[in-house]
Amino acid sequence: MMTSTINAADQLTAVCDTLADPATVEPSPDGRTRPQSLAGGAVGIALLHIERAVSGQGDKALAHRWIRAAASEPVSIGRNADPFHGAPALAFMLHTARALGGYRRAYTRLNDATITLTRQRLAAAHARIDQREPLPMHEFDLVHGLTGLGLYLLHAHPDHPLSSGVVGYLTRITEPLGDGTGLPPWWMSSGLAGTPHPKFPEGHGNLGVAHGISAVIALLAYAILHGHDTPAANDALAALTRWTDAHRQDDDAGVWWPGHVTAGSDPTRHRPSWCYGTAGTARAQQLAGIAQNDTTRQQHAENAMLAALRDTTQHDRLDGIGLCHGKAGLLQSACRMTADSTDRDRSAQLAALIPGLAAELAAQLAADNHDVPELLDGTAGAALALHTVTTGTPATSWDAFLALS
Numbered sequence: 051m052m053t054s055t056i057n058a059a060d061q062l063t064a065v066c067d068t069l070a071d072p073a074t075v076e077p078s079p080d081g082r083t084r085p086q087s088l089a090g091g092a093v094g095i096a097l098l099h100i101e102r103a104v105s106g107q108g109d110k111a112l113a114h115r116w117i118r119a120a121a122s123e124p125v126s127i128g129r130n131a132d133p134f135h136g137a138p139a140l141a142f143m144l145h146t147a148r149a150l151g152g153y154r155r156a157y158t159r160l161n162d163a164t165i166t167l168t169r170q171r172l173a174a175a176h177a178r179i180d181q182r183e184p185l186p187m188h189e190f191d192l193v194h195g196l197t198g199l200g201l202y203l204l205h206a207h208p209d210h211p212l213s214s215g216v217v218g219y220l221t222r223i224t225e226p227l228g229d230g231t232g233l234p235p236w237w238m239s240s241g242l243a244g245t246p247h248p249k250f251p252e253g254h255g256n257l258g259v260a261h262g263i264s265a266v267i268a269l270l271a272y273a274i275l276h277g278h279d280t281p282a283a284n285d286a287l288a289a290l291t292r293w294t295d296a297h298r299q300d301d302d303a304g305v306w307w308p309g310h311v312t313a314g315s316d317p318t319r320h321r322p323s324w325c326y327g328t329a330g331t332a333r334a335q336q337l338a339g340i341a342q343n344d345t346t347r348q349q350h351a352e353n354a355m356l357a358a359l360r361d362t363t364q365h366d367r368l369d370g371i372g373l374c375h376g377k378a379g380l381l382q383s384a385c386r387m388t389a390d391s392t393d394r395d396r397s398a399q400l401a402a403l404i405p406g407l408a409a410e411l412a413a414q415l416a417a418d419n420h421d422v423p424e425l426l427d428g429t430a431g432a433a434l435a436l437h438t439v440t441t442g443t444p445a446t447s448w449d450a451f452l453a454l455s
């Protein structure tokens with residue numbers, strides 16, 4: 051236990067030292083590493099330094115330096131603005147940084163822009179439902195859509211009417227469209243990228259967190275637990291969890307859920323990543339179990355995480371160090387689930403396995419030479435997960451953008 055923690059702390063310090071200068075993240079032609087990108091730019095790396103500073107483990111001046119870098123270009127409030135880019139991403143960053151002080155006027159402008167954007171997209175979403183048209187991925191998902199915007203609002207403004215509005219919209223996506231297909235209304239007529247694909251002629255049902263229904267489950271559970279305990283929210287959560295229950299698998303390797311399902315195909319086990327695998331899906335199921343007072347659901351979720359942590363062959367399937375596809379996502383999810391487990395024995399079992407995974411991540415970080423600095427797939431996200439291990443619990447809700455808190 052102690053050796054793993056020391057290794058994690060050493061690598062955490064090393065990563066933070068390499069991420070002292072915002073010039074380490076230069077804009078890329080595809081826009082992924084623009085300053086206002088949460089996934090790959092300065093906004094995301096600022097979260098690392100904000101969390102460190104708020105927890106008393108980092109330099110406030112360094113956090114402020116990265117915050118200024120994140121706001122160094124004109125802020126997007128148009129069609130390409132979403133929870134991971136532009137005004138909403140910057141508003142989330144400054145809300146996370148509120149304990150550091152300052153930025154009051156800047157935050158007000160960004161928050162107002164995010165509220166306006168959310169209202170516009172809610173109106174379009176309700177119009178789509180009224181016309182009984184299929185659900186598009188970009189409308190609702192965590193990365194681009196209203197689930198991500200809703201999580202920001204629920205954390206920043208839980209009593210705002212728009213927070214209730216987003217919860218109300220997400221309850222509506224569980225209402226039958228009356229299209230006669232027999233498929234659930236959250237079934238998408240697209241491939242995994244949200245666009246038509248020949249491998250998905252009949253579309254797919256997405257159980258993932260990044261682009262699927264598990265993020266909606268996590269949001270509804272969070273909403274129910276934080277002032278939005280309405281019959282409609284409970285009914286919607288029950289409908290979604292019944293569907294995921296129908297696709298839950300339990301074999302010799304443990305409990306798991308497929309990342310997506312298609313008509314007439316057998317389910318396949320995804321690597322235990324945050325985006326489509328056990329890391330994200332199990333956390334959503336645990337939150338749902340807590341919100342529903344369903345200890346059996348919590349048990350399934352925590353057993354799924356235990357199985358993923360115990361099986362080193364599953365660790366080996368993870369692609370890199372990152373929060374999205376790599377070990378950091380599994381580690382952060384495991385930490386959150388351990389803290390929220392209401393079963394003392396399972397909590398202890400989870401806690402006993404976390405140092406080993408942290409040691410794996412620390413070793414991989416050292417071997418990778420810190421060459422990809424970004425939040426979602428690089429060293430900043432890995433450092434944040436190690437920070438959680440070394441400090442015990444996050445000082446902020448930085449991982450709300452992952453639907454983990």
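Residues 51 to 455 (the numbering used here) are what the sequence shown spells out, left to right.
Idealized CB from N, CA, C, for every residue including glycine.
Which of the three DSSP states, helix, strand or coil, is assigned to tryptophan 116? helix
Enclosing beta strand (DSSP E) for valine 17 [first to last residue]: Nothing about residue 17 can be reported from this structure: the residues present for the chain run from 51 to 455 only.
For alanine 456, which of Glu410, Leu425, Glu424 has the nearest alpha-carbon? The displayed coordinates of the chain run from 51 to 455. Any statement about residue 456 would go beyond what the structure contains.
Minimum C-alpha distance to phenylalanine 190 - residue among Arg159, Ser264, Ala120, Pro208: Ser264
Taking the CB atoms as reference points, tell me whether alanine 120 and valine 93 lie closer together than 8 Å. yes
In angstroms with no decimal places, state the Cα-to-Cα distance between threonine 224 and alanine 338. 16 Å
Quick one: what's aspartate 301 bridged to in DSSP? Gly304
Would you mind sorting asparagine 161 into buried or exposed? The rule is 16 or more other CB atoms within 10 Å of its CB. buried
Starting from threonine 197, trace the alpha helix (DSSP H) both ways and give me its first and last residue. 196-206
Could you check how far apart the C-beta atoms of threonine 446 and threonine 146 are, in whole angstroms? I think they sit under 8 Å. 5 Å
According to DSSP, is serine 87 helix, strand or coil? strand
Contact the segment 107-126 vs the segment 173-185: 3+ CB pairs below 8 Å: no
With DSSP collapsed to three states, give me the class of asparagine 256. strand
Can you grab the Cα-Cα spacing for the pair alanine 398 / glycine 379, in whole Å? 20 Å
Identity of the residue in His437, Phe451, Leu452 nearest glutamate 101 by Cα: His437
So the candidates are Cys66, Leu203, Asp418, Val125; which of them puts its Cα closest to the Cα of leucine 97? Cys66
Isoleucine 274 beta carbon less than 8 Å from that of alanine 341: yes
Please list, in chain order, all residues of the same chain as tryptophan 163 whose beta carbon is under 6 Å from its beta carbon, the five residues on each side excluded. In the sequence under discussion, the amino acid at residue 163 is alanine, which differs from the tryptophan named in the question. Excluding sequence neighbours, alanine 163 sits near Ile127, Ala137.
Alpha carbon to alpha carbon, what distance is there between valine 217 and glycine 253? 25 Å
Option nearest proline 248 by Cα separation, candidates Thr312, Leu69, Leu368: Thr312
Taking proline 317 as the reference, give the member of His297, Ala357, Pro72 with the closest Cα. His297
From alanine 416 to threonine 63, what distance separates their C-alpha atoms? 11 Å
Hey, quick one: how far does the alpha helix (DSSP H) through glycine 94 stretch, first residue to last? 92-104
Quick one: what's got a C-beta closer than 6 Å to arginine 242's C-beta in the same chain, skipping five residues either side? Sequence check: residue 242 is leucine here, not arginine. Correct list: empty, nothing qualifies.
For a test of your reading of the model: does the CB of tryptophan 306 fall under 7 Å from any non-hydrogen atom of the ligand ZN? Yes or no. The model on display carries no ligand, and the ligand ZN is accordingly not part of it.
How many Å lie between aspartate 71 and threonine 197 at the Cα? 32 Å
Among Gln107, Ala156, Ile371, which has the Cα closest to the Cα of alanine 435? Ile371
Give the DSSP-derived three-state secondary structure of aspartate 209 in the structure shown. coil
Look at the alpha carbon of threonine 55 and the alpha carbon of alanine 271, and state the distance between them as a whole number of angstroms. With a pLDDT of 46 at threonine 55, under the threshold of 50, the predicted position of this residue should be treated as unreliable, and no value is reported.
Could you work out which residue in Leu407, Gly255, Ala174, Gly90 is closest to histidine 135 when comparing CA atoms only? Gly90
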